[in-house]
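Per this note's numbering, numbering through the sequence shown is continuous, rising by one, with the last residue being 149.
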Amino acid sequence: MALNVYLSGEIHTDWREQIISACDGLDVSFSAPVTDHDASDDCGVAILGEEPNKYWHDHKGALINAIRTRKGIEEADVVVVRFGEKYRQWNAAFDAGYAAAKGKSLIVLQQPDHDHALKEVDAAALAVAREPGQVAEILRYVLTGVLPS
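This is the structure in structure tokens:
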């Protein structure tokens, strides 16, 4: 068995790298959104032309980024959505909802202080993990049936 895993959400820490490293040797393919914040924010105007209004600047970028996000989620077997400690991550919540609506297996990665705010998102998830290592162990178990030692 092989898994395609889409890693969505917070871009300010190395949680993706931790999961990918911990899954070394497993038959897992990972994909993710563009995690260069400036590139993600400015792709629309860099490609399609400047916008004097910040709303349209952001809108152009969001639409282009959605091409990658939709493809990643639609091709994924498992979608992992990380909610970090900083910032309101509306895009992460949207990705989780989109994945759930598409019937994707959803793993949420969050700290306990977000439990109340994310209760509906968590209710759609098949697992709520607290650490990237737990996500890797879930993927290892799904692929091998082996529990952590």
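Glycine residues also receive a C-beta, built at the ideal position from the N, C-alpha and C atoms.
Owing to the predicted nature of the structure, the values given are computational and were not obtained by experimental measurement.
Please report the straight-line C-alpha distance between residue i and residue j, rounded to a whole angstrom.
{"i": "S105", "j": "R130", "result": "17 Å"}
{"i": "G139", "j": "E85", "result": "First, the residue type needs correcting, since residue 139 is Leu and not Gly in the sequence shown. Near 24 Å, if we compare the C-alpha coordinates of E85 and L139."}
{"i": "K60", "j": "I67", "result": "12 Å"}
{"i": "P112", "j": "A123", "result": "14 Å"}
{"i": "L63", "j": "A92", "result": "15 Å"}
{"i": "V34", "j": "L7", "result": "11 Å"}
{"i": "R16", "j": "A22", "result": "10 Å"}
{"i": "K102", "j": "Q89", "result": "20 Å"}
{"i": "K54", "j": "E74", "result": "29 Å"}
{"i": "P132", "j": "P148", "result": "14 Å"}
{"i": "D24", "j": "A136", "result": "10 Å"}
{"i": "W56", "j": "G9", "result": "22 Å"}
{"i": "Y1", "j": "E50", "result": "It is worth fixing the name first, because residue 1 is Met in this sequence and not Tyr. Distance between the alpha carbons of M1 and E50: 46 Å."}
{"i": "A46", "j": "K119", "result": "37 Å"}
Are residue i and residue j close, meaning C-beta to C-beta below 8 Å?
{"i": "D95", "j": "V81", "result": "yes"}
{"i": "H37", "j": "I19", "result": "no"}
{"i": "S31", "j": "G97", "result": "no"}
{"i": "F83", "j": "H114", "result": "yes"}
{"i": "A99", "j": "V79", "result": "yes"}
Leaving aside the five residues before and after residue i along the sequence, list all residues of the same chain whose C-beta is less than 6 Å from its C-beta, in chain order.
{"i": "S29", "result": "N4"}
{"i": "G150", "result": "The structure shown does not extend to residue 150, since the chain is modelled only from 1 to 149, so the question has no answer here."}
{"i": "V128", "result": "V108, D122"}
According to the neighbour-count rule (16 or more other Cβ atoms, all chains shown, within 10 Å of its Cβ), is residue i buried or exposed?
{"i": "T144", "result": "exposed"}
{"i": "T13", "result": "exposed"}
{"i": "A76", "result": "buried"}
{"i": "V146", "result": "exposed"}
Might you give, ordered along the chain, the residues of its own chain that have their beta carbon closer than 7 Å to the beta carbon of residue i, omitting 5 neighbours on each side?
{"i": "L126", "result": "S105, L106, I107"}
{"i": "L26", "result": "L139, R140, L143"}
{"i": "L48", "result": "K60"}
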